[in-house]
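One structure is given below, encoded as structure tokens.
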Amino acid sequence: MTERAAVKAALKTQAVETPSWAYGNSGTRFKVFAQQGVPRTPQEKLDDAAKVHEFTGVAPTVALHIPWDRVDDYAALARHAEDRGLRLGAINSNTFQDDDYRLGSVCHPDAAVRRKAVDHLLECVDIMDATGSKDLKLWFADGTNYPGQDDIRARQDRLAEALAEVYERLGDDQRMLLEYKLFEPAFYATDVPDWGTAYAHCLKLGPKAQVVVDTGHHAPGTNIEFIVATLLRERKLGGFDFNSRFYADDDLMVGAADPFQLFRIMYEVVRGGGLSGDVAFMLDQCHNVESKIPAIVRSVMNVQEATAKALLVDQDALGAAQRAGDVLGANAVLMDAFSTDVRPLLCEVREEMGLDPDPVKAYARSGWAEKIVGERVGGEQAGWGA
Ligand code: PSV
Ligand code: MN
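Using full-length UniProt numbering, the first residue of the sequence shown is number 1, and each one after it goes up by one.
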């Protein structure tokens, strides 16, 4: 296989998971803007996700968030997905929207609240059994706002205890993906604030526990690709929640704010063998002011472009320059790949997959946007937090 053919083959097998909540209404704490045609049910979210997959060819799975996507029959929901060429992906737990969780969930000082939170996580594993989902994705809004508010160390003990109980419940082919976030909603100390804390818990739990890197969850200027390289080296990178940010956890389209950073991350993924393993490439985004489906299509394409550039890095030339201590030469090899216009290559990839080379235009021509505006009248639109 030529090098170009190998790059194209890798791009054809790439899979980006889209989040059910990105298809619903969202906003900031100031205002949630409703859009016409937004899904009212988990099934309608899947119908939209099927369009993203139809036009990109590389978005075959959809992450659910419980209880936002609660249904009576999860096996039937999985069949609804299958009928549209999709599978259900990660099950995201939600222990952040109940009044009981004011002081935390699995780290709460009250054992009864912790019990409630763990029961929810166990319910999520039951849902995975019914949907065939392999990954339980855990993000905890737990933390404190004031020094002295609670015992930092005791909270870590409670977290470890809760995670251990859920870990025990996992099936052989199921994983627990632990996501960290520096701050928000807690402003003094978050209980899982960084990759090191997540890694320490996952290491203690065992091989089925891995870390999730949400690209919006770091302090400005953090070298995320270094974290990616390290976690991959330790076989503890479970996946990504991709999005981009200018300031905090902005949840904008991945690759929109800093395409160079996305390229650097994808280069470390390629370098560490993460493209062909079981790293989950998920999006975690909100489309507050832009049309949702085209924004998700664009996001998938941004991931593809960064991946294509990462695959085009001449690793032999880079290694030779690095070993020779050729600082500028090594940097030039990396920048050559980043500066390559990979759009023609991706058009070829899509044509070879039987797809339109321009997914955004193909979606616009498809009439789906007009159809859902016409048909999805009445009922309650899905929205962040509902
Ligand atoms: C938290 O900010 C987070 O990144 C977690 O992944 C949540 O599940 C998701 O956002 C909710 O939108
Ligand atoms: Mn996330």
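Positions of the beta carbon are idealized from the N, C-alpha and C atoms, including for glycine.
Predicted model only: the values in this text are computed from it and were never measured.
Residue range of the alpha helix (DSSP H) that includes residue i
i: residue 176; result: From DSSP, residue 176 is part of no alpha helix (DSSP H) but of the beta strand (DSSP E) over 175-179.
i: residue 322; result: 315-323
i: residue 211; result: Looking at the DSSP string, residue 211 is not in any alpha helix (DSSP H); the run it does join, the beta strand (DSSP E), is 209-214.
i: residue 164; result: 152-169
i: residue 128; result: 111-131
i: residue 374; result: 368-375
i: residue 283; result: It is not in any alpha helix (DSSP H) - residue 283 instead sits in the beta strand (DSSP E) that spans 280-283.
i: residue 195; result: 195-205
i: residue 309; result: 292-312
i: residue 8; result: 3-13
Residue span of the beta strand (DSSP E) that contains residue i, given as start and end
i: residue 64; result: 61-65
i: residue 94; result: First-last for residue 94: undefined, no H or E at that position.
Span separating the alpha-carbon of residue i from that of residue j
i: residue 330; j: residue 322; result: 6 Å
i: residue 195; j: residue 9; result: 32 Å
i: residue 104; j: residue 344; result: 49 Å
i: residue 190; j: residue 278; result: 28 Å
i: residue 375; j: residue 37; result: 7 Å
i: residue 360; j: residue 298; result: 7 Å
i: residue 153; j: residue 198; result: 15 Å
i: residue 384; j: residue 362; result: 28 Å
i: residue 233; j: residue 267; result: 14 Å
i: residue 59; j: residue 39; result: 18 Å
i: residue 136; j: residue 178; result: 8 Å
i: residue 34; j: residue 275; result: 36 Å
i: residue 158; j: residue 2; result: 53 Å
i: residue 295; j: residue 261; result: 19 Å
i: residue 7; j: residue 315; result: 13 Å
i: residue 447; j: residue 167; result: Examination of residue 447 is not possible in this model, given that the chain is present from 1 through 386 alone.
i: residue 224; j: residue 378; result: 43 Å
Supposed contact pair residue j and residue i - C-beta distance, whole angstroms, cut 8 Å
i: residue 221; j: residue 282; result: Contact doesn't hold; Cβ gap of about 24 Å is too wide.
i: residue 254; j: residue 327; result: Rounded, the Cβ-Cβ distance is 30 Å, inconsistent with contact.
i: residue 73; j: residue 42; result: Incorrect: roughly 11 Å between the Cβ atoms, too far for contact.
i: residue 417; j: residue 92; result: A question about residue 417 goes unanswered here, because the residues of the chain that appear run from 1 up to 386.
Min CB distance residue i to chain C below 8 Å
i: residue 193; result: Of the chains in the structure shown, none is chain C; there is only one protein chain.
Who's in the neighbourhood of ligand 2, going by beta-carbon under 6 Å from any heavy atom, listed in chain order? 139, 179, 214, 241 and 284
If we require 3 or more residues per run, which beta strand (DSSP E) segments fall completely within the segment 34-81? 61-65
If you scan the segment 236-287 from start to end, which runs of the alpha helix (DSSP H) of 4 or more residues do you find wholly inside it? 259-271
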